[in-house]
Amino acid sequence: MARNQSKQLKSKIVYYVKQGVLNRLTRGVFAKDKNYNPKELATSIYSPSYISFETVLREAGVIFQHYDTIFVAGPWPKIMTIDKVTITFRKLKDTVLFSSAGVNNKENYSIASPERAFLDTIYLFPKYYFDNLRSIDWERCLELVKIYHNQQLIKRLKKYQKEYAQ
Numbered sequence: 301m302a303r304n305q306s307k308q309l310k311s312k313i314v315y316y317v318k319q320g321v322l323n324r325l326t327r328g329v330f331a332k333d334k335n336y337n338p339k340e341l342a343t344s345i346y347s348p349s350y351i352s353f354e355t356v357l358r359e360a361g362v363i364f365q366h367y368d369t370i371f372v373a374g375p376w377p378k379i380m381t382i383d384k385v386t387i388t389f390r391k392l393k394d395t396v397l398f399s400s401a402g403v404n405n406k407e408n409y410s411i412a413s414p415e416r417a418f419l420d421t422i423y424l425f426p427k428y429y430f431d432n433l434r435s436i437d438w439e440r441c442l443e444l445v446k447i448y449h450n451q452q453l454i455k456r457l458k459k460y461q462k463e464y465a466q
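The working numbering applies: residue 301 is where the sequence shown begins, and numbers increase by one.
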């Protein structure tokens, strides 16, 4: 019975794609039209995943460098381009990835707070250069750093805090 339903669903999807009602973006991911949200697309490819790293840090004014790429914390490292949107997935360990601390739900996708994105970044890139850390809530970082279970990250955070906190 389930196999039959799966076949029916596939044939309906193929029909709607041919009719132009659905747009196939990548394997198993479709949009009703071309006006989809690229961030929603980025987080719908792998689960769990959330927007983080340079994408969030740029929007928060922590870094000034512009990237056309959407950076996502996910279960596997991968770079893909879908419909002219480049998405870079960076792998975080499961205990971090599955923690909702510092991750907000927004318009059908999950996005890290600036503090969570900052910690994700220094977790993977210990010597990352940040342009402006004034907007970072250091107390919030000290709460969030616990989810990483990483003493080196705590030391790194305290070093950044000592250098940049005002």
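Yeah, the Cβ is synthetic: ideal placement off N, Cα and C, and Gly gets one too.
Only a predicted model underlies this, so the values are computations on that prediction, with no experimental measurement involved.
message = Contact defined as beta carbons within less than 8 Å: I believe Y448 pairs with V396. What is the distance between those atoms, to the nearest angstrom?
response = Going by Cβ atoms, the distance from Y448 to V396 rounds to 6 Å, so yes, they are a contact pair.
query = DSSP puts F389 in a beta bridge; with which residues?
reply = Answer is V372, K378, bridged to F389.
query = Looking at the structure shown, is R324 part of a helix, part of a strand, or coil, going by DSSP?
reply = In this structure, R324 counts as strand in the three-state DSSP scheme.
inquiry  = DSSP three-state label for F398, please.
reply    = Of the three classes helix, strand and coil, the one that applies to F398 here is coil, per DSSP.
task = Say whether the segment 389 to 404 touches the segment 334 to 353, bearing in mind that this needs 3 or more beta-carbon pairs closer than 8 Å, one atom from each stretch.
result = Output reads yes: the segment 334 to 353 touches the segment 389 to 404.
request  = Could you name the residues of the same chain whose beta carbon sits closer than 7 Å to that of W438, not counting the 5 residues immediately before and after it, in chain order?
outcome  = Counting only Cβ-Cβ distances below 7 Å, and skipping sequence neighbours, we find Q461, A465.
Presumed contact (8 Å Cβ cut-off) between L357 and F418, rounded CB distance = About 7 Å separates the beta carbons of L357 and F418, which is inside the 8 Å limit, making them a contact pair.
ask   = Mapping DSSP to helix, strand and coil, what is S410?
value = Note: S410 maps to strand in three-state DSSP.
message = Judging by CA-CA distance, which residue of S410, K334, N405, S399 is the nearest neighbour of F371?
response = Checked all of S410, K334, N405, S399; the closest Cα to F371 is S410.
ask   = Would you call L433 buried or exposed, if buried means 16 or more other Cβ atoms sit within 10 Å of its Cβ?
value = L433 comes out buried.
query = How big is the Cα-Cα spacing for Y428 and K332?
reply = Taking the straight line joining both Cα atoms gives about 39 Å.
task = Go to V356, then tell me how far its alpha helix (DSSP H) extends in each direction, as first and last residue.
result = Start and end: 353 to 359.
request  = Just the C-alpha distance for E257 and I345, rounded to the nearest angstrom, thanks.
outcome  = With the chain running from 301 to 466 in the structure shown, residue 257 is simply not present.
request  = Sort N337, M380, D394, R303 by Cα distance to R327 and report the nearest one.
outcome  = The residue among N337, M380, D394, R303 with its C-alpha nearest the C-alpha of R327 is M380.
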